[in-house]
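Quick note, the sequences are listed as chains A and B, same order.
Under the working numbering, the first sequence has 252 at position 252, and the numbering climbs by one with no breaks.
Under the working numbering, the second sequence has 404 at position 148, and the numbering climbs by one with no breaks.
Think of the CB as a built atom: it goes at the ideal place given N, C-alpha and C, for glycine as much as any other residue.
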Amino acid sequence: MLAVKAENLSYSYPDGTPALQEISFSVPEGEKMAIVGPNGSGKSTLITLLNGVRQGKGLLEILSLSLNRSNLPQIKQWVGVVFQNPDDQLFCPTIFEDIAFGPLNQGLPADEVRQRVENALQSVGLEGYQKRSSFHLSFGERKLASLATVVAMDPRIIALDEPTSNLDLSHRRKIIRWLQKNPHTIILTTHDLDMALDTCQRVMILNKGKIVADGRSQELLSDRMILEENDLELPLRMQTPHSVKKFKSMQKINNR
Amino acid sequence: MKHEFLDHHREGNSLVHLFDPRLKLLMMMVFIIMVVTVSYERKQWLLFYLVIPIAFAGLSRISILHFLSKLFKLYPMIFLITILIPFFPLPNETPRQFFGIAISISGLQKFFLINAKSILVLFISIVLTITTDFMMLLKGLEKLRVPPIMTAIVSFMYRFIFLLIDEVERMLMAYQSRYLRLSLGKRLKIIANMIGMLFIRTYERGERIYLAMESRGFQGTIHTLNDLRWKKTDTIAAVIFLSILLVPLLSIPF
C-alpha cells in the first residue's frame, strides 16, 4: 500500500507566496525518504501538509485515505509529525504530560496511556524521565522527548522536520540509530546529507517549491552536479578524490 | 539547570509535601478567610494564627530562612501600597501630631492590621506552594473545579516563562554587544523595538505550539490524567487544622 500519494499538490502562504508548486510523488509503506533542499524550498511546509495541520490544493492521500475534513482525525492519528524546535512540541509542565497529551486526545484509558508513555520513553532511551520538566533538559534530550511524544501515539507514518539540526554528535547518533531501527514509514527533511545517507533509501530534492530530483539516496547523493545545482554539497563521506570522479568507485567505498 | 528558583523544594517526602494538593489549597483558602475577617479589637488572634504557617514550615523540614527570604521578597510591595494609609484621617477624626506630622490613629491601626494579615497570608501561601509539585497543584485546582482554561493558561505560563526569559536575555546580549554609546532617547527606542519583537516572536511561537498540539489530536479540550488520592492522613490533618483555627473563637462570650 502507498503510505503517501500526492498529485499536483500546491500550497501558498496566506500572503500569496507559493511554497509548493504542483508536486507529485508517492511513498510506499515502510520506505524511508529524506527531503533535501536549500532553505525556503518548501520542505517544512510539505511536512506540515502531511497530517493536515496545513491544507494545500491538489490530491493528497494517506494510506489510501484522501485528506479532507472528515478524515482528518484518522489521518492525524496515522501521521505523527515531529517539529524542528522541541520547545514547540513540549508544552506541558512535565515530560509525562507532554507524551500523554496525544494518547489522551485519542481517548485511551489511563493504564494504556501510562504504558504508552513508558514504552515511548524507552524507545528513545529516556527511561525515568516522566517527572522531569522539559526546561531542565538539554536540547538533545528535548529532541528525543519530542520524538517520544509522537511515538506514543503509535502512528504508521512519522514525519520529522530536521531531526538532527543543532544536535551534538552523540545525540545525532542516537537519533540516527533510532531512525534506522524504526519499522515505520519515515519522511524527514534535512540538511544533514550524511544522516540521510545513513537512514533513508530514498532522497527527494526540493527547490523553490518543486521536485528537482527523486531517487535512491546512494545514487542521488553522490551526483555532485545535481547537488551543487541545488545549493547542496556532496555528503562528507562522499568527498574523497576517487568517489567524486566516478560513481562506480564510490559504490565500492560504500559497500566496504 | 538555569531557572531553578521556582522548583527548589517541590520534591520532598515530609508530611507537608505528602498532603493532597486539594487539602493544601482548601486549608489555604479557609486560613485566608479566617485571617482576613479578624477585626482590630481581636488583633491578638493574628499572633495565634501565626502558629499554623510556622507549624507547616517546621513539618516541611525546609529551613525557615528559606521561607523568610521568599516572604521578604514579596512583602515590601504590600508595605509600599499601605504606607500612605496613616496619613489619611477619617472625616470626623482629629489627627495627632508626631514630630510635626499629622498621623491618624485609625489609619495607623488599619496599617498595622493590613500588614499583619498580609504577612500571614503570604506566609501560608509560600509554605504550601513551595512544598507542592507544580503539576500536582494544577491537578488539585482542576479537581476543585477551577475552569480547565485557567489551569491550562497557568500550565503554559509555567512552561514558557523560562523560554521567554531566555529570549529576553539573548536579545539583551545581542543588543549590548553592539551598542557603544547612545542617547537615552535612542536606547528607549531600541528597547521599545525589542518589546515589539518579543511580542511578535511570542505570537509566532504560540502559533507553532498550536500546530504541534493540533497534530497530536488536540480538539479544544486539554485532557489530563488525574490520579489524586485523598488519604486518611489528609482527613486527620484537615480536622487538626480546623480545630486549631477555631480555638480563638472560644474566647467570644455567647
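Item                                                                                                                                                                    : Value
Excluding five sequence neighbours on each side, which residues of the same chain lie with their C-beta closer than 8 Å to the C-beta of Leu501 of chain B?             : Val286, Phe287, Met290, Tyr305, Ile308
According to the Cβ coordinates, are Val294 of chain B and Leu302 of chain B closer than 8 Å?                                                                           : yes
Does Thr190 of chain A come out as helix, strand or coil in the three-state DSSP assignment?                                                                            : strand
Quick one: residues in its chain with C-beta nearer than 6 Å to the C-beta of Leu65 of chain A, no 5 flanking neighbours on either side, listed in chain order?         : Asn71
Buried or exposed, going by whether 16 or more other CB atoms sit within 10 Å of the CB of Val495 of chain B?                                                           : exposed
If you measure from the beta carbon of Arg472 of chain B to each beta carbon in chain A, is any gap under 8 Å?                                                          : yes
Let me check one thing: in DSSP terms, what residues is Tyr11 of chain A bridge-paired to?                                                                              : A:Leu20
Starting from the Cα of Phe139 of chain A, find the closest Cα among A:Trp178, A:Gln89, A:Gly215 and give me that residue.                                              : A:Gln89
May I ask you to verify whether the region 69-85 of chain A touches the region 431-445 of chain B, counting CB pairs closer than 8 Å and requiring at least 3?          : no
So, at 6 Å on beta carbons, what are the nonlocal neighbours of Ile187 of chain A in its own chain, with the 5 sequence-adjacent residues on each side left out?        : Met33, Ala159
Just to confirm, are Pro155 of chain A and Gly42 of chain A a CB contact at a threshold of 8 Å?                                                                         : no
Is DSSP giving Met1 of chain A helix, strand or coil here?                                                                                                              : coil
For chain B, find out if any of its Cβ atoms is closer than 8 Å to the Cβ of Pro163 of chain A; answer yes or no.                                                       : no
Determine the direct distance from the alpha carbon of Lys143 of chain A to that of Ser270 of chain B, and round the result to whole angstroms.                         : 34 Å
Residues of the region 269-297 of chain B with a CB closer than 7 Å to any CB of chain C: list them in chain order, please.                                             : Reference to chain C is not applicable here, since the protein chains of this structure are A and B.
Check each residue of the region 49-75 of chain A: if its Cβ is closer than 9 Å to any Cβ of chain B, include it; give the result in chain order.                       : Asn51, Gly52, Val53, Arg54, Pro73
Once the 5 residues before and after Leu394 of chain B are set aside, which same chain residues still bring their CB inside 7 Å of it?                                  : Thr407, Val410, Ser411
Note down, in chain order, each residue of its chain lying with its Cβ closer than 8 Å to the Cβ of Asn482 of chain B, except the 5 sequence neighbours on either side. : Lys395, Glu398, Lys399
Reducing DSSP to helix, strand and coil, say where Phe412 of chain B ends up.                                                                                           : helix
Using the rule of at least 16 other Cβ atoms within 10 Å of the residue's Cβ for burial, across every protein chain shown, is Ala110 of chain A buried or exposed?      : exposed
So, is the C-beta of Leu144 of chain A closer than 8 Å to a C-beta in chain B?                                                                                          : no
Alpha carbon to alpha carbon, how far is Val82 of chain A from Gly102 of chain A?                                                                                       : 12 Å
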